[in-house]
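Chemist: Below is a structure I'd like to ask you about.
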Amino acid sequence: MLTVRAYAKVNLTLEVLGKRADGYHQIASVMQTIDLSDELTFTISDEINLRCNVPALETDTNLALRAASLLKERTGYSGGVDIFLKKNIPVASGMGGGSSDAAATLKALGRLWELDLGNEELQPLASSLGSDVSFFLFGGTAIAEGRGEIVYELPPMPTVHLVLLAPPLEIPDKTATMYGRLTPEHFTKGEASLSLQHCLEDGKEPDAKLLFNVFEGVAFDLFPSLEVYRRAMLEAGADWVRLTGSGPALYTFVASRVEALALAEKLREGGYEPYVATTGG
Ligand code: ATP
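Given below as structure tokens:
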């Protein structure tokens with residue numbers, strides 16, 4: 018039996034450079050794992066099965082299950098695995114939970130099934146499961162390019178405390194819908210990601226001015242009440258608020274854990290359900 022954690026991420030930058038002939042968008046994104054995590058337990062078995070504390074996720078499309086099936090198919094491993102997935106990362110929030118579960122499954126089964134595979138061998142499988150899965154093979158601080166599957170590790174960012182809100186706002190086929198709303202005026206050239214990369218390579222904590230997310234240009238139209246959550250964070254004391262991924266989760270940095278807890282408490286008093294986290298994972 019093997020139990021592992023699958024960490025959530027925030028996008029410190031998320032730029033779209035243009036649309037490719039294959040229909041995907043070309044992106045540049047500095048990503049960072051945080052210590053909010055799902056927990057996955059793997060037990061060797063004859064077949065591949067998944068149970069989850071969120072029954073709606075007990076489907077064939079669950080990314081942890083798909084990762085296990087793909088690994089078995091590609092390696093010819095003869096056995097299976099029982100997976101128990103305990104979700105803590107809010108689903109479809111922009112924090113990458115499903116992709117992280119997939120990457121954690123590839124790595125954990127590589128060990129449990131004694132396949133002796135490194136990130137290099139797992140990367141093609143990761144990228145076929147989803148654009149963000151490759152990033153989660155590494156975690157930490159990294160820059161993602163291509164459609165997100167080309168990942169370069171960056172020096173770890175100095176530890177930062179975060180407060181996050183994951184508004185319970187849903188739109189069908191969220192990521193595709195969000196990309197579909199982008200027009201060439203939203204496209205940038207990757208300068209924001211490059212500036213942040215240089216800052217991190219100099220060992221500095223990123224200034225909020227360096228953070229950027231292209232989807233802020235469309236998210237507030239698509240999720241009409243998102244502004245209520247953003248304003249709640251500002252009124253509770255956040256200096257600034259950024260969107261992560263294609264949303265709708267929002268985050269801010271604060272100076273210390275004490276400040277993070279105080280900000281979270283204010284949000285709770287207002288009826289919100291914030292998450293307190295630190296970078297790492
Ligand atoms: P994306 O921007 O790629 O949609 P996200 O971070 O917003 O990612 P996830 O929590 O990864 O959202 O879930 C996206 C969708 O993937 C959900 O609608 C869910 O039905 C499906 N899904 C499949 N496997 C999982 C999983 N293990 N955890 C969460 N969602 C999963």
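Per my numbering, the sequence shown runs over residues 18 to 298.
For every residue, glycine included, the Cβ atom is placed at its ideal position computed from N, Cα and C.
1) Does the separation of the CB atoms of residue 159 and residue 150 fall below 7 Å?
2) Assign residue 245 to buried or exposed, taking buried as 16 or more other Cβ atoms, counted over all protein chains shown, within 10 Å of its Cβ.
3) Please name the residue or residues paired with residue 182 in a DSSP beta bridge.
4) Output the distance between the C-alpha atoms of residue 162 and residue 136, rounded to the nearest integer angstrom.
5) Tell me whether residue 126 counts as near ligand 1, meaning its Cβ is closer than 6 Å to at least one heavy atom of that ligand.
6) Taking 6 Å as the cut-off, is the C-beta of residue 298 nearer than that to any heavy atom in ligand 1?
7) Please state the DSSP three-state secondary structure of residue 66.
8) CA-CA distance, residue 260 and residue 247?
9) When you compare the segment 42-54 with the segment 71-86, are there three or more beta-carbon pairs, one atom per stretch, that lie closer than 8 Å?
10) According to DSSP, simplified to helix, strand and coil, what is residue 219?
11) Between the Cα of residue 236 and the Cα atoms of 187, 65, 61, which residue gives the shortest distance?
12) Using beta-carbon positions only, say whether residue 211 and residue 292 come within less than 7 Å of one another.
13) I'd like to confirm something about residue 108: is its beta-carbon nearer than 6 Å to some heavy atom of ligand 1, or not?
14) Check the DSSP bridge columns for residue 22 and list the partner residues they point to.
15) Just to confirm the assignment, what range does the alpha helix (DSSP H) spanning residue 153 have?
16) Which residue or residues does DSSP assign as beta-bridge partners of residue 131?
17) At the level of alpha carbons, what is the spacing between residue 240 and residue 226?
18) Go to residue 103, then tell me how far its beta strand (DSSP E) extends in each direction, as first and last residue.
19) For ligand 1, is there a heavy atom less than 6 Å away from the beta-carbon of residue 81?
20) Out of curiosity, what's the CA-to-CA distance linking residue 256 and residue 215?
21) Report the CB separation of residue 50 from residue 156 in whole angstroms; it is logged as a contact under 8 Å.
22) By the DSSP assignment, the beta strand (DSSP E) with residue 289 in it spans what residues?
23) CB of residue 195 to nearest heavy atom of ligand 1: below 6 Å?
24) Express the C-alpha separation of residue 117 and residue 262 in angstroms, rounding to a whole number.
Modeler: Reading from the atomic positions:
1) No.
2) Looking at its Cβ environment, which holds fewer than 16 other Cβ atoms inside 10 Å, residue 245 is exposed.
3) Residue pairing by DSSP places residue 182 opposite 267 in a beta bridge.
4) Their Cα atoms are separated by approximately 17 Å.
5) Closer than 6 Å to some heavy atom of ligand 1: that does not describe the Cβ of residue 126.
6) In this structure, residue 298 has its CB at a distance of at least 6 Å from all heavy atoms of ligand 1.
7) Strand at residue 66.
8) Their Cα atoms are separated by approximately 9 Å.
9) At 8 Å Cβ cutoff, the stretches do not touch.
10) Annotated three-state conformation of residue 219 is coil, per DSSP.
11) The shortest Cα separation from residue 236 among 187, 65, 61 belongs to 187.
12) Taking 7 Å as the cut-off, the beta carbon of residue 211 is found no closer than this to the beta carbon of residue 292.
13) Flag set: Cβ of residue 108 near ligand 1.
14) BP columns for residue 22 point to 56.
15) For residue 153, the uninterrupted alpha helix (DSSP H) run begins and ends at 150-155, by DSSP.
16) Looking at the DSSP output, residue 131 shares a beta bridge with no other residue.
17) Distance between the alpha carbons of residue 240 and residue 226 is about 24 Å.
18) Element bounds for residue 103: 97-103.
19) True, at least one ligand heavy atom lies under 6 Å from that Cβ.
20) Going from the Cα of residue 256 to the Cα of residue 215 covers about 23 Å.
21) With 8 Å as the limit, residue 50 and residue 156 qualify as a contact, their Cβ atoms being about 4 Å apart.
22) From DSSP, residue 289 is part of no beta strand (DSSP E); its letter is neither H nor E.
23) Ligand 1 never approaches residue 195 closely enough for any of its heavy atoms to be under 6 Å from the residue's Cβ.
24) Going from the Cα of residue 262 to the Cα of residue 117 covers about 13 Å.
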